[in-house]
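Below: one structure, written as structure tokens.
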Amino acid sequence: MTTVAAPAAAAPRPEAPRSAPMPVAAHLDEATRRAMRAVVAVAIGALVGWFLYDPLMELLRAPIAQIAAERDASLNFDSVTGAFDLRLRSALVTGVVLASPVWLYQVFAFVLPGLTRRERRYVLGSVGAAVPLFAAGCATGVLLFPHMVSVLTGFAASEDSTILDAGAYVDFVLKIMVATGVAFVLPVVLVVLNLAGLLSAVTLVRSWRYALVAIVLFSAMATPSADVLSMFLVAVPMSALYATALLIAALHDRRLARGTASTREEEPTCSV
């Protein structure tokens, strides 16, 4: 009796090793240096934001000026230090935004050496897609907030005055921008879950009706105005991003299926 063994399957390509571990003291020293660079960048951005405060407030006051044409409306500060506090807070937020390329680089330069090549590719790809999508979402929020302010303050009677606290008003606008920015980033989260093997393309296809309903509801809440066009300005990009995430997940699952099938075909067999 003779046994003929089929040629062994090719060995899988080894994963790139992680970088050599560093001593704890070296990690702390590097983290301190990178944190200081990030703080300096934010401080410089905050200084720029201090001088950009007036044009930014003019942009935020524009809806209030339109309301004031019909009835008494204004922004007010409820304390002596209210104007200074708002300017300082706005400068810090502006500094964080302007310095984001620097502190993001410092974070990833500290984290990436400890990841494998595949993990680095996933992380960099996710961040590279999430950052511009978040910026686009925030820009959409800037375009939408005047409509929201006009509609929400329109519930007051024409005989009433609209006196808004400046700090609460700026926080309201920031929440709108962050909400739309996060909504635009959600498709990237779906792709990451698919790459991690936690969410399949089949599940995304089966859930498209629920996703569409959620997108429409979010768009309606984000644009509470009678202008249907404003709602479509949010719903259409989000639907397109969901479809893009579904397509990427389907391609990834198909590639995994082909790899699994080819591996099974190359498994060694024995004949007697």
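Be aware that the sequence shown starts at 1498, since it is given in this note's numbering, and climbs by one per residue. Yeah, the Cβ is synthetic: ideal placement off N, Cα and C, and Gly gets one too. Please read all numbers here as calculations on a predicted model, not as lab measurements.
- Within 10 angstroms of the beta-carbon of residue 1739 lie 16 or more other beta-carbons, which makes it buried.
- Between residue 1698 and residue 1743, the C-beta spacing is below 8 Å.
- With a cutoff of 8 Å on beta-carbon distance, residue 1716 and residue 1731 are scored as near each other.
- Looking from the CA of residue 1687, the closest CA among 1747, 1636, 1641, 1645 belongs to 1747.
- By the beta-carbon neighbour count (other beta carbons within 10 angstroms, threshold 16), residue 1573 is exposed.
- Going by DSSP, residue 1659 is part of the beta strand (DSSP E) stretching over 1659-1662.
- Residue 1612 and residue 1727 have their C-alpha atoms some 42 Å from each other.
- Around the CB of residue 1560, 16 or more other CB atoms lie within 10 Å, so the residue is classed as buried.
- Contact check for residue 1634 and residue 1677: beta-carbon distance about 4 Å, within the 8 Å limit, so the pair qualifies.
- For residue 1570, the pairing in a beta bridge is given by DSSP as 1659.
- Following the DSSP letters along the chain, one finds residue 1716 inside the alpha helix (DSSP H) bounded by residues 1705-1719.
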